Amino acid sequence: MDLSKVYVAIGGPSNMDYADLLSCAPLAAISKSPILLVPTTRQIPKSLTDFAYDNLENNTNIIAIGGKAILPNYKINSIVPEK
Numbered sequence: 027m028d029l030s031k032v033y034v035a036i037g038g039p040s041n042m043d044y045a046d047l048l049s050c051a052p053l054a055a056i057s058k059s060p061i062l063l064v065p066t067t068r069q070i071p072k073s074l075t076d077f078a079y080d081n082l083e084n085n086t087n088i089i090a091i092g093g094k095a096i097l098p099n100y101k102i103n104s105i106v107p108e109k
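Reading the sequence shown from the start, the letters are residues 27 to 109 in my numbering.
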């Protein structure tokens, strides 16, 4: 797994929450990069922020699938590790 780039997509209980995830899956597979799933309505889970802190660097390329309308800056910023 290459952690120099990660994709972030919305993932939730609704079937409508996976369109962005499915669209980025081939890109993530080619680059061997993980896809981090972010919930639509609630706070970022501690397990996700712990993974980011333990495995990502400040210079990791974070690609938000769906743009700011889908993934606002505050959600992306809550994933980025501050080391």
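Using N, Cα and C, we set each Cβ at its ideal position, and we do this for glycine too. As the structure is a prediction and not an experimental result, all values here were calculated from the model.
TODO: Compare the beta carbon distance of I91 and D28 with 8 Å and say whether it is the shorter of the two.
DONE: Residue mapping note: residue 91 aligns to position 65 of the sequence shown, counting from 1. Residue mapping note: residue 28 aligns to position 2 of the sequence shown, counting from 1. It is not a contact, given that the beta carbons lie outside the stated cut-off.
Task: K31 to I70 span [Cα, whole Å] - done: Along the sequence shown, one-based indexing puts residue 31 at 5. Along the sequence shown, one-based indexing puts residue 70 at 44. Cα to Cα, the separation comes out at about 19 Å.
TODO: Compute the beta-carbon to beta-carbon distance between V106 and I89, rounded to the nearest angstrom, for a pair I have assumed lies under 8 Å.
DONE: Locating residue 106 in the sequence shown gives position 80, counting from the first residue. Locating residue 89 in the sequence shown gives position 63, counting from the first residue. With a Cβ gap of about 13 Å, V106 and I89 do not count as contacting.
Task: Beta-carbon separation (whole angstroms), I102 vs I36, contact threshold 8 Å - done: Locating residue 102 in the sequence shown gives position 76, where the first residue counts as 1. Locating residue 36 in the sequence shown gives position 10, where the first residue counts as 1. The pair is not a contact, with the Cβ atoms about 12 Å apart (cut-off 8 Å).
Open item on the list: Check this for me: beta carbons of S104 and T66, under 8 Å apart or not?
Closed with: Sequence index remark: in the sequence shown, residue 104 carries index 78 (1-based). Sequence index remark: in the sequence shown, residue 66 carries index 40 (1-based). No. Outside cutoff.
Task: Through-space distance from I61 to A51, alpha-carbon basis - done: On the sequence shown, residue 51 is found 25 positions in, with the first residue counted as 1. On the sequence shown, residue 61 is found 35 positions in, with the first residue counted as 1. Answer to the nearest angstrom: the Cα atoms are 8 Å apart.
Task: As assigned by DSSP and simplified to three states, the class of I36 - done: Working through the sequence shown from its first residue, we reach residue 36 at position 10. When secondary structure is reduced to three states using DSSP, I36 falls in the strand class.
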